[in-house]
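So the protein sequences, as listed, match chains A and B.
According to UniProt numbering, the first sequence is numbered sequentially starting from 1.
According to UniProt numbering, the second sequence is numbered sequentially starting from 1.
For each residue, glycine too, the CB sits at the ideal point set by N, CA and C.
Reading through the structure tokens given below for one structure.
Number of protein chains: 2
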Amino acid sequence: MAGRPGEDARRRLVDAGIRLLERDGPEALNARRLAAEIGASTMAVYTHFGGMAGLHEAIMKEEFVRFGRHLHAVPRTDDPVADLLALGLAYRDFVLANPQRYRFMIGLTGPGAHPPIGHDLIGEGTPTTLPEVNAVFEQNVETVRRVMAAGRIRRDDPVPVAAQIWSMLHGYVLLETIGVFGRDGVPTVLAPAAVNLLVGLGDRPEAAEGSLRSLASAAEAPAPAPRPKVRPGRRPRA
Amino acid sequence: MAGRPGEDARRRLVDAGIRLLERDGPEALNARRLAAEIGASTMAVYTHFGGMAGLHEAIMKEEFVRFGRHLHAVPRTDDPVADLLALGLAYRDFVLANPQRYRFMIGLTGPGAHPPIGHDLIGEGTPTTLPEVNAVFEQNVETVRRVMAAGRIRRDDPVPVAAQIWSMLHGYVLLETIGVFGRDGVPTVLAPAAVNLLVGLGDRPEAAEGSLRSLASAAEAPAPAPRPKVRPGRRPRA
DNA sequence: GGCTGCCTTATAACATTGTTATGAGAAGGT
DNA sequence: ACCTTCTCATAACAATGTTATAAGGCAGCC
Numbered sequence: 001m002a003g004r005p006g007e008d009a010r011r012r013l014v015d016a017g018i019r020l021l022e023r024d025g026p027e028a029l030n031a032r033r034l035a036a037e038i039g040a041s042t043m044a045v046y047t048h049f050g051g052m053a054g055l056h057e058a059i060m061k062e063e064f065v066r067f068g069r070h071l072h073a074v075p076r077t078d079d080p081v082a083d084l085l086a087l088g089l090a091y092r093d094f095v096l097a098n099p100q101r102y103r104f105m106i107g108l109t110g111p112g113a114h115p116p117i118g119h120d121l122i123g124e125g126t127p128t129t130l131p132e133v134n135a136v137f138e139q140n141v142e143t144v145r146r147v148m149a150a151g152r153i154r155r156d157d158p159v160p161v162a163a164q165i166w167s168m169l170h171g172y173v174l175l176e177t178i179g180v181f182g183r184d185g186v187p188t189v190l191a192p193a194a195v196n197l198l199v200g201l202g203d204r205p206e207a208a209e210g211s212l213r214s215l216a217s218a219a220e221a222p223a224p225a226p227r228p229k230v231r232p233g234r235r236p237r238a
Numbered sequence: 001m002a003g004r005p006g007e008d009a010r011r012r013l014v015d016a017g018i019r020l021l022e023r024d025g026p027e028a029l030n031a032r033r034l035a036a037e038i039g040a041s042t043m044a045v046y047t048h049f050g051g052m053a054g055l056h057e058a059i060m061k062e063e064f065v066r067f068g069r070h071l072h073a074v075p076r077t078d079d080p081v082a083d084l085l086a087l088g089l090a091y092r093d094f095v096l097a098n099p100q101r102y103r104f105m106i107g108l109t110g111p112g113a114h115p116p117i118g119h120d121l122i123g124e125g126t127p128t129t130l131p132e133v134n135a136v137f138e139q140n141v142e143t144v145r146r147v148m149a150a151g152r153i154r155r156d157d158p159v160p161v162a163a164q165i166w167s168m169l170h171g172y173v174l175l176e177t178i179g180v181f182g183r184d185g186v187p188t189v190l191a192p193a194a195v196n197l198l199v200g201l202g203d204r205p206e207a208a209e210g211s212l213r214s215l216a217s218a219a220e221a222p223a224p225a226p227r228p229k230v231r232p233g234r235r236p237r238a
């Protein structure tokens, strides 16, 4: 259909895959449907990706790239804790906007789970085997680093700390998408959990609550009113 | 094969499903394989469950029942925080023992995700639409209640607090099963996260660490040596 | 006993989907 | 011009969920 005939069938297959995944869900990602979408036969899937698993993996990687861009669009302010919370909300927004897409990305739902996302993210150094996934996680780590630099939480290896936050977020969004938390999950579960985790990491309760409030008020007034800066106070406890 | 012919094909199908799921993974849960396992034709699936989706749901419920029993086997002591941590470790053990089974249970991996687990767990009252799932969550809530009664964390509605802990656990185990945390996930991520969350909920850091240590020493010395009781100290902060 | 009605089940077929074999065509280099 | 390599369309095969159909079996009742 679109695009020159002899051209990148690869890219067009992945593009079509993204489009179908986001519109019709993971079940739409079958060989015949995708091939028809780019006006080719199913063989294209095999010459370029070796099979549906390879194409699924390519689609997953591209989704992670877009996920990373979505998170990157969150503005960074001079309150890194508020930024961390904003990042978490953006993460949640992306997942809630299309839960099936997220489940597909992490290798679960849909036609046959694709291979695991990565290995030893924490073990040796930082990176995972999939740079696309790592780029998403890195934004979390970088923000944690800034929170530590600002003296809001105890100085420590930021990677495991980011992993704690990631675990919480990941679990929360997966449970929320299956309806476990009803309609008020963010105020009743996610927000308190985030504050509690921050306090446990060393932030003062009033400071953490303040960053949360500043975020909430910024969400109500989208563009104007520069966020009231929360002064870090003093060193984290212990 | 086994069992009287005219008898509960229902139960035998579910039993075979559990067996195959735990031995060969979710891909083994197909109509022909299951029917052959009980010496019947695939029609049995349709007369008793309306289709594979119904059988999958029945298998999921039974797995949750067993999951609940597994958690129930964790001994309760007079340190409810240590019990909560032990419950978390047992949760993690069950998942790590067979990650594919857990993913199947929560409606993700395998041949076509089955319907969502439940709705409005937090919204109205406590229960979800699936009592089997709720029974698992309830153990968490009950332990949180005991932690509050012992004065270790702030008194509050225990359900959202348990939901925070559940989110963390759920996210952690799913990330660990795909290899993100390498080999030391528990000491570097899960244990610190649990302590941090507890501290944020009001426990004193030394008390939380103490409960964690008592648990670790109990794990090394399986049967003997009654766990050194951690005195609750005084009221939680604020 | 024999009849009726409902539930269960075996057989067989169909639709969908992943996959592979095969051969044709295009592109590029020598 | 010829060869090699890559790409791709056609067609077929295997696995799986599902359904139609008809037979078997069992309970209840006359």
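Query, Result
"Coarse secondary structure for GLY118 of chain A, derived from DSSP in three states", "Reliability fails at GLY118 of chain A, whose pLDDT of 48 lies under 50, so the model's placement of it is uncertain and the value that follows must be treated cautiously. Residue state, collapsed to three classes: coil."
"Interface flag, MET168 of chain A vs chain B, CB-CB below 7 Å", "yes"
"Beta-carbon proximity check, SER211 of chain A vs VAL65 of chain A, cutoff 7 Å", "no"
"DSSP state of ALA191 of chain B mapped onto helix, strand, coil", "helix"
"Reference GLU63 of chain A, options A:ALA90, A:VAL133, A:GLY39 and A:PHE49, closest by Cα", "A:VAL133"
"Nonlocal neighbours in the same chain, by C-beta distance under 8 Å from LEU199 of chain A, ignoring five residues either side", "The amino acid at residue 199 of chain A is misidentified as Leu; the sequence shows Val. Excluding sequence neighbours, VAL199 of chain A sits near PRO205 and ALA208."
"Limits of the unbroken alpha helix (DSSP H) element including VAL144 of chain A", "131–149"
"Contact check, VAL189 of chain B vs ALA193 of chain A, beta carbons under 7 Å", "no"
"Euclidean distance between Cα positions of VAL159 of chain A and PRO75 of chain A", "22 Å"
"Within 7 Å, strictly: CB atoms of GLY17 of chain B and LEU34 of chain B", "yes"
"Under 7 Å between C-beta atoms of MET60 of chain B and ALA31 of chain B", "no"
"Cβ distance (whole Å) where PHE94 of chain A is taken to contact PRO26 of chain A below 8 Å", "With a Cβ gap of about 16 Å, PHE94 of chain A and PRO26 of chain A do not count as contacting."
"Backbone CA spacing between TYR172 of chain A and MET168 of chain B [nearest angstrom]", "7 Å"
"Cβ neighbour criterion (16 or more within 10 Å) applied to ASP78 of chain B", "exposed"
"Between the CA atoms of GLY68 of chain A and GLY88 of chain A - distance to the nearest angstrom", "13 Å"
"Proximity test, Cβ basis, 7 Å: PRO160 of chain A and chain B", "yes"
"Any C-beta of chain B under 7 Å from that of ASN196 of chain A", "yes"
"Beta carbon proximity, GLN164 of chain A to chain B, threshold 7 Å", "yes"
"Min CB distance THR188 of chain A to chain B below 7 Å", "yes"
"Chain B contact for LEU55 of chain A (CB, 7 Å cutoff)", "no"
"Sequence-distant residues of its chain with Cβ nearer than 7 Å to ALA9 of chain B (five each side left out)", "ILE38, ALA40, ALA44 and HIS48"
"For LEU21 of chain B and ARG101 of chain B, the rounded distance between their alpha carbons", "7 Å"
"Proximity below 7 Å, CB of ALA73 of chain A to CB of LEU215 of chain A", "no"
"is_contact[TYR172 of chain A, chain B] using C-beta, thresh 7 Å", "yes"
"Simplified DSSP assignment, three categories, for SER41 of chain B", "coil"
"Buried versus exposed call for ASP184 of chain A [16 or more other C-beta atoms within 10 Å across all chains shown]", "exposed"
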